[in-house]
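Residue numbers (the working numbering): 19 to 77. C-beta atoms are modelled at their ideal positions from N, C-alpha and C, and glycine is treated no differently. This report refers to the structure that appears directly beneath it.
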């Protein structure tokens with residue numbers, strides 16, 4: 019998806035686009051910090067530490 023169909027000034031995605039950077043944003047439901055940590059912390063931490071194997075072109 020390249021656009022949500024409306025302006026999003028100040029968003030992380032807009033900032034990355036302005037700098038010609040690739041980004042993926044994750045939207046989470048409105049839950050408490052405790053619930054978010056229980057449900058998403060491990061998966062998001064693993065995602066942030068992930069890197070492609072040697073020789074894999076990310077593009």
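Which class does residue 64 belong to by DSSP, given the choice of helix, strand or coil?
helix
Could you spell out the range, first to last residue, of the alpha helix (DSSP H) harbouring residue 46?
Here residue 46 belongs to no alpha helix (DSSP H), and DSSP marks it neither H nor E.
From residue 57 to residue 46, what distance separates their C-alpha atoms?
10 Å
Distance check for residue 65 and residue 29, CA to CA, integer angstroms please.
21 Å
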